[in-house]
Every structure is written in C-alpha cells, then in structure tokens.
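Participant: Position one of the sequence shown corresponds to residue 82 (the numbering used here), numbered consecutively onward.
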Amino acid sequence: MREISEKRPVPSDAALPVSCLVCGLKDFEIILQKNDFEIFRCRQCGFGSVAPMPDDDFLLRFYEQQEYFQSDGVFGYSDYESKREFYLGLFRDHLRILNGHSEPGRLLDLGCGKGDFLSLAREAGWEVCGVEISDSCRREAERRAGVPVYSSPRYLSDKREFFDVITMWEVIEHLPHPDRVLSEVLPLLRAGGLLAMTTPNTRNLTALRSPARWSEYKPPEHLLYFNFDTIHQYLSERFNLQVLEVKGIHRDLRLASSGWVEAILDWASRLRLRHETRFDPRWWVYAMLVRMFKEAPRRMSMALGTLDPRLVDTGIFVLARK
Ligand SMILES: [Zn+2]
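Here it is as structure tokens:
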C-alpha cells in the first residue's frame, strides 16, 4: 500500500488516549487532520479514532444544530429524504438477515433516525421501540413508526433482558464512549439475543490510499473508525459476544477514486432517485453505470483473486449473539 501523504509523526502535545480501545496498546500514528481534529490509527490493530475526543456537551450542541438531518453539507444525513429509497433498500437487506436468524420478537433500534427501519421491522411482525438523540427525528420516528421512541436508553433500564434484537445502524462510529453505551444497552438484550450493527470500513481502498478524500473520516460526527477485524475483536473480547457474521457492504463502491467517476455516480444516483421507476429510461442509465463502476470491478477482483474483496467494501455489517 502506498504511503499516505497525510501521515506524520504524533506531536507530543496531541491529546491521544492512554491506550487503544480495541487492543489496549499505545502505538498510534496520525493519519489526517480534519475539522480541527487529529485522526489517528493504532499501528497494532488498525483501529482509528480522533483527538481530542469531544465531550458530551460539545456533541449535544453539535447534534442540536437544526440542519444536521437536512443539510446538504459535510455533516449529517445530507438530505436524508432524497436518499430515503436508498436507505430503505439497505434496511430491507438488514432485516432479511435478522429474519434469517430469529423469529420476529422484540427489537430495539438504537439511533433510529427518522424511524424508517422501525417501520419496516414493525411491518415484518417485530414489536419495536427506538432510541434517538435528536428531538426532531424522534418526533418524526414516532409519527412514521407509530411506536415509542426515547431520547436515551436510560429510560429503558427497567427492561432488562427484554429485547431479542438490538440494532445500531451507523451509530457506533458516532459514540465518544462506546463502552459506556454498550454497557448500558447490552443488559437490555436477553441471553442468546442478537446485536446487529453497521459501521464504515476503514480497510476500504479510498480510506487507505487517500484518507483525505474518504467521506467517512468526518469528525466530530464520526469519532471511531473500525475495520472487519477490529469490530470483531472489540465486540468479542470487550463484551464477550459471539460474533456470528461480519460482512461487507459495498453500497457505494468507488474502486477508482478519481473525481470524474465520483461525479458520474453522483449524477447517476440523483437521476435514479428522482425517477425511481424501471419505465423511465434514466433508470436504465443508472443501472448500467452501477454495473460498470460498482458491480463489475468487485466481481472481477474477486474472480481474479487478486484483490481482497474487503478492500472494496465501504461498510461493515456485524451480527453477534449475547
Ligand atoms: Zn489497537
């Protein structure tokens, strides 16, 4: 792998943690400086994080910004509504996997956003409830899913061993203290219950080759950066969970990270999202471009056996049993 140009020695005044959250060692390298934060990586296990770690007050103010869930900017669900179909597709995939491991039971979605996953799960027969930090999203989630949504898991503390499944879609990377949150929610899961989560994959080629261009390196929104091995190690060693499945998500595979490929895919995805029908010729343009730029490189690389398919996955799906 090419040297990363942003890589540089750790300055003596950097507010790095005492030890790596995943492997417990202290052997870090700074890989990027962004939005007034240093992004560093453990040389031993590859787990990444930010310094200084923002405190709870800072994050609360950050997430209270009205534009977080609507903005087209660098942060937030940039224009969630226009990408809703895309998220629904992902949520259906996740639900299929859960249904393959468990009969519909009680499900808690932590960080449920606007409640679209809650609604799908409820329609599929699950008894659901959600937790969401944003006031406006919480109200919208309650409206969409028609179920209670709480602002913190502490309001569920009387529901020990109550849930069959806890889901955290794209949540863990936002948490400054994941140990604290998981220690609070795992007691709510019954023995043998399932914890499912997704998070960006830092062993993705763009993240490795040009971290400055990888959109998931975005402090203070994303604070923790996992790969397939570190998320597995974290859940199994720290929480004694049995990891059942760790699989790649390649929802926006961009093998070639050149600007024009990104521009074409962005343009094409906007076409598709506005005209979500197979009867529209623009849908076919999108489908063809996806095959050319997303599916073909992945399949080719796997067929040739020359490239670890995990290098082209942008995200990780993990399923673990308590
Ligand atoms: Zn480590």
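We treat Cβ as the ideally placed atom computed from N, Cα and C, and that holds for glycine.
1) Please work out which residues of its chain come closer than 6 Å, Cβ to Cβ, to lysine 107, disregarding the five sequence neighbours upstream and downstream, and give them in chain order.
2) Hey, could you find the ends of the alpha helix (DSSP H) threonine 311 is sitting in?
3) Flag this pair as yes or no: are the beta carbons of isoleucine 120 and tyrosine 298 separated by less than 8 Å?
4) Per DSSP, what kind of secondary structure is methionine 278 in: helix, strand or coil?
5) What runs of the alpha helix (DSSP H), each 4 residues or longer, lie entirely inside the region 213 to 292?
6) Beta-carbon within less than 7 Å of phenylalanine 144's beta-carbon, same chain only, minus the 5 sequence neighbours each way: which residues are those?
7) Three-state secondary structure (DSSP) at leucine 322?
8) Sorry if obvious, but does the Cβ on phenylalanine 128 come closer than 7 Å to a heavy atom of ligand 1?
9) With contact counted as at least three CB pairs below 8 Å, one residue from each stretch, are the region 242 to 258 and the region 221 to 229 in contact?
10) Going straight from the alpha carbon of serine 217 to that of glycine 181, what length do you get?
11) Buried or exposed: where does phenylalanine 398 fall if 16 or more other Cβ atoms within 10 Å of its Cβ makes it buried?
12) Whose C-beta lies closer than 7 Å to the C-beta of lysine 403 among residues of the same chain, with five residues either side of it excluded?
13) Could you work out which residue in Asp245, Pro292 and Lys328 is closest to phenylalanine 309 when comparing CA atoms only?
14) For lysine 115 and proline 300, what's the separation of their Cα atoms in angstroms?
15) Determine which residues share a DSSP beta bridge with glutamate 119 and list them.
16) Within 10 Å of its beta-carbon, does valine 246 have 16 or more other beta-carbons around it, so buried, or fewer, so exposed?
17) With DSSP collapsed to three states, give me the class of glutamate 166.
18) Go to arginine 187, then tell me how far its beta strand (DSSP E) extends in each direction, as first and last residue.
19) Out of curiosity, what's the CA-to-CA distance linking tyrosine 306 and proline 281?
Facilitator: Reading off the structure:
1) In the sequence shown, residue 107 corresponds to position 26, counting from 1. If we look at lysine 107 and ignore the five residues flanking it on each side, its Cβ neighbours are Ser100.
2) Within the sequence shown, residue 311 is the residue found at index 230, counting from 1. Its alpha helix (DSSP H) spans residues 309 to 314.
3) In the sequence shown, the residue the question calls residue 120 occupies position 39. In the sequence shown, the residue the question calls residue 298 occupies position 217. Cβ atoms of isoleucine 120 and tyrosine 298: closer than 8 Å.
4) Numbered from its first residue, the sequence shown carries residue 278 at position 197. Strand at methionine 278.
5) Runs found: 216 to 226, 259 to 266 and 286 to 290.
6) Mapped onto the sequence shown, residue 144 falls at position 63. Looking at the sequence shown, residue 144 is not phenylalanine but tyrosine. The residues are Ile214 and Ser215.
7) Working through the sequence shown from its first residue, we reach residue 322 at position 241. Three-state result, leucine 322: coil.
8) Stepping through the sequence shown from its first residue, residue 128 is reached at position 47. Because some heavy atom of ligand 1 lies under 7 Å away, the Cβ of phenylalanine 128 counts as near it: yes.
9) In short, these stretches do not touch, since the Cβ pair count stays below three.
10) Reading the sequence shown from its first residue, position 136 is the one you call residue 217. Reading the sequence shown from its first residue, position 100 is the one you call residue 181. Distance between the alpha carbons of serine 217 and glycine 181: 33 Å.
11) Here residue 398 refers to the residue found at position 317 of the sequence shown. Answer is buried; the Cβ neighbour count reaches 16.
12) On the sequence shown, position 322 is the one that residue 403 refers to. Residues of the same chain with a CB within less than 7 Å of the CB of lysine 403, apart from the 5 flanking positions on each side, are Leu267, Leu270, Ala272, Gly273, Gly274, Leu276 and Leu322 in chain order.
13) By one-based count along the sequence shown, residue 309 stands at place 228. When only C-alpha atoms are compared, the closest one is Lys328.
14) In the sequence shown, the residue the question calls residue 115 occupies position 34. In the sequence shown, the residue the question calls residue 300 occupies position 219. As the crow flies, the alpha-carbon of lysine 115 is around 7 Å from that of proline 300.
15) Here residue 119 corresponds to residue number 38 of the sequence shown, with the count starting at 1. Partner residues in the beta bridge of glutamate 119, as assigned by DSSP, are Gln114 and Ala132.
16) Looking up residue 246 in the sequence shown gives position 165. Around the beta carbon of valine 246, a 10 Å sphere encloses 16 or more other beta carbons of the protein chains shown; the residue is thus reported as buried.
17) Mapped onto the sequence shown, residue 166 falls at position 85. Correct three-state label for glutamate 166: helix.
18) In the sequence shown, the residue the question calls residue 187 occupies position 106. Residues 187 to 191.
19) Within the sequence shown, residue 306 is the residue found at index 225, counting from 1. Within the sequence shown, residue 281 is the residue found at index 200, counting from 1. Straight-line Cα distance between these residues: approximately 7 Å.
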